[in-house]
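Novice: The structure under discussion is supplied below as structure tokens; questions concerning it will follow.
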Amino acid sequence: MAWNEPGGGNNRPNDPWGNNGGNRNGGNQGPPDLDEILSKFFERINKLFGGSGSGGSGSGQGPDKAVLGLVAIVAAIVYIVWSFTIIQEGERGVIQTFGEHTNTVGPGPIFTWKPFQTIRRVNVDNVNSIDSGRYTKNQREMLTKDENIVIVRYSVQYKINNAENFLFNLADPVETLYQVAESSVREVIGQNDMDQITTQQREKVVVKARQRTQDIMDSYQAGIEITNFNFSDAKYPEAVQSAIDDVTRAREDHERYINEAQAYSNQIIPEARGERVQMVERAKAYKARVVESAEGEAERFLSLYNEYRKAPQVTRDRLYIDAVESVMSSTHKVMVDTEGGNNMLYLPLDKILEKQRHSQTTGSAANSNSATNNSSSSNGGGNKYRSRTREVR
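Residue numbers (this note's numbering): 55 to 447.
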């Protein structure tokens, strides 16, 4: 049955919603007319911009062309402003058309056909950082080449050097960098001994870990450049740290003792060399002195021997007298044992010498007499002493 066709009930015109078409002002109305809604909308816009109304609600007059043009211009301006994007210094704009990468642009204003095109800004100048702080201590434990366990804390600084590779080649490039850095560090730690990791050779280990991480990220074409790789800490587990500290102190003491010994060697060797030179010089001087003295004694002996060959007895007596004189000159008391008797001759030489010194101070006359008497007495005593000596021989 067609719309508004008579029939059905009271023969009133009906529409598809079951409303009575002849009673449009009643309470049971159908959906509003679309043409009427648009007409009222454009009337209001026309009034807003100074135009005149349509003169009635049922006139059906359309909007003014000037209003439509103005609306179109405003919409175009809004679209243009919306479609422009400013790419800042140090950024790259990656343009996608229907989701596919079509271009990468540098800093400046960029126009895209939105919503068909989108642009994603990527900062390629910022230095970003990740570290192993998100892992627990047990997760940071690594096995070295010499089968020791070491806890390593590291950090990685990186920059984005290719925006499209960073956005499209990996689902999560930062998470990939976490995993690659962890894998590279474990690999390099497993190739080195504990001493190389915890001592001054750590820098070589860090360089290897950085190079290994960069090689893997380049193979993934991740668009990431590693600028710095650092081991902030590398130590033994706490359970064995005290024992390792003892070993470390012993190693430091060993190095210190070696350095002290080397310093002592550097000090004592020059001194010993100087003393050696002095001893050699003293020995040479002593040698020259002894040789000269021996040569002089030899010459004296030869001259004495020549005299002895001429007068043996006289020379022998003279030698004996000189020897006795040399001995007696430093002796203050002399005791002579005579043969064939119990008497012992006592000569107080010290008192005699003292008396001589006292007599020398009295006067010239007394000194001369005393000297004459002393000389005669000494000659007699000497003759007696020499005669006794000959008898003893």
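Backbone N, C-alpha and C fix where the C-beta goes; we use that ideal spot for every residue, glycine too.
Who are the Cβ neighbours of residue 264 in its own chain at under 7 Å, not counting the five residues just before and after it?
Specialist: Cβ neighbours of residue 264 beyond the five flanking positions: 280, 283.
Novice: Going by beta-carbon coordinates alone, are residue 248 and residue 202 separated by less than 7 Å?
Specialist: Yes, Cβ-Cβ distance for residue 248 and residue 202 is below 7 Å.
Novice: Counting along the chain, where does the alpha helix (DSSP H) carrying residue 341 start and finish?
Specialist: Element bounds for residue 341: 292-364.
Novice: Less than 7 Å between C-beta atoms, sequence neighbours within five positions excluded: which residues of the same chain meet that for residue 200?
Specialist: Counting only Cβ-Cβ distances below 7 Å, and skipping sequence neighbours, we find 247, 248.
Novice: Classify residue 282 as helix, strand or coil using the three-state DSSP reduction.
Specialist: Residue 282: strand per DSSP, three-state reduction.
Novice: Ignoring anything shorter than 4 residues or poking outside the region 165-244, list the alpha helix (DSSP H) runs there in chain order.
Specialist: List check, alpha helix (DSSP H) in window: 191-194, 217-222, 227-244.
Novice: Round the Cβ separation of residue 214 and residue 175 to the nearest angstrom and send it over; I've been treating them as touching at under 8 Å.
Specialist: Actually they are not in contact, since the Cβ atoms of residue 214 and residue 175 sit about 11 Å apart, beyond 8 Å.
Novice: Is it right to say residue 382 is buried, meaning 16 or more other beta carbons lie within 10 angstroms of its own, or is it exposed?
Specialist: That one is exposed.
Novice: If you measure between the beta carbons of residue 149 and residue 173, is that distance less than 7 Å?
Specialist: Yes; because the gap between Cβ atoms is below 7 Å, this pair is in contact.
Novice: Rounded to the nearest angstrom, what separates residue 184 and residue 294 at their Cα positions?
Specialist: Going from the Cα of residue 184 to the Cα of residue 294 covers about 29 Å.
Novice: What would DSSP say about residue 288, mapped onto helix, strand or coil?
Specialist: Strand, per DSSP.
Novice: Classify residue 151: buried if its beta carbon has 16 or more other beta carbons within 10 angstroms, exposed otherwise.
Specialist: So residue 151 ends up on the exposed side.
Novice: For residue 301, count neighbouring C-beta atoms within 10 Å of its own C-beta (all shown protein chains included) and say buried if the count is 16 or more, exposed if not.
Specialist: By the neighbour-count rule (16 or more Cβ atoms within 10 Å), residue 301 is not buried but exposed.
Novice: Going by DSSP, what residue range makes up the alpha helix (DSSP H) through residue 250?
Specialist: That run of the alpha helix (DSSP H) goes 248-252.
Novice: Exposed or buried, residue 170, counting other C-beta atoms within 10 Å across all chains shown (16 or more means buried)?
Specialist: By the neighbour-count rule (16 or more Cβ atoms within 10 Å), residue 170 is not buried but exposed.
Novice: Measuring CB to CB, does residue 287 end up less than 7 Å from residue 207?
Specialist: Cβ distance < 7 Å, so residue 287 and residue 207 count as in contact.
Novice: From which residue to which residue does the beta strand (DSSP E) around residue 147 run?
Specialist: Taken as a continuous stretch (DSSP letters only), the beta strand (DSSP E) holding residue 147 covers 145-151.
Novice: Taking the C-alpha atoms as reference points, what is the distance between residue 245 and residue 235?
Specialist: Taking the straight line joining both Cα atoms gives about 16 Å.
Novice: Consult DSSP for residue 369 and reduce its assignment to one of helix, strand or coil.
Specialist: Residue state, collapsed to three classes: helix.
Novice: Given residue 221, which residues of its chain have a CB within under 7 Å of its CB, disregarding the five upstream and five downstream residues?
Specialist: If we look at residue 221 and ignore the five residues flanking it on each side, its Cβ neighbours are 148, 174, 176.
Novice: Beta carbon of residue 155, beta carbon of residue 218: below 7 Å?
Specialist: Cβ distance < 7 Å, so residue 155 and residue 218 count as in contact.
Novice: In chain order, what residues of the same chain have a beta carbon less than 6 Å from the beta carbon of residue 163, not counting five sequence neighbours either side?
Specialist: Around residue 163: 138, 140.
Novice: Go to residue 267, then tell me how far its alpha helix (DSSP H) extends in each direction, as first and last residue.
Specialist: Segment 256-273, the alpha helix (DSSP H) holding residue 267.
Novice: In or out: residue 331 buried (at least 16 other Cβ within 10 Å) or exposed?
Specialist: So residue 331 ends up on the exposed side.
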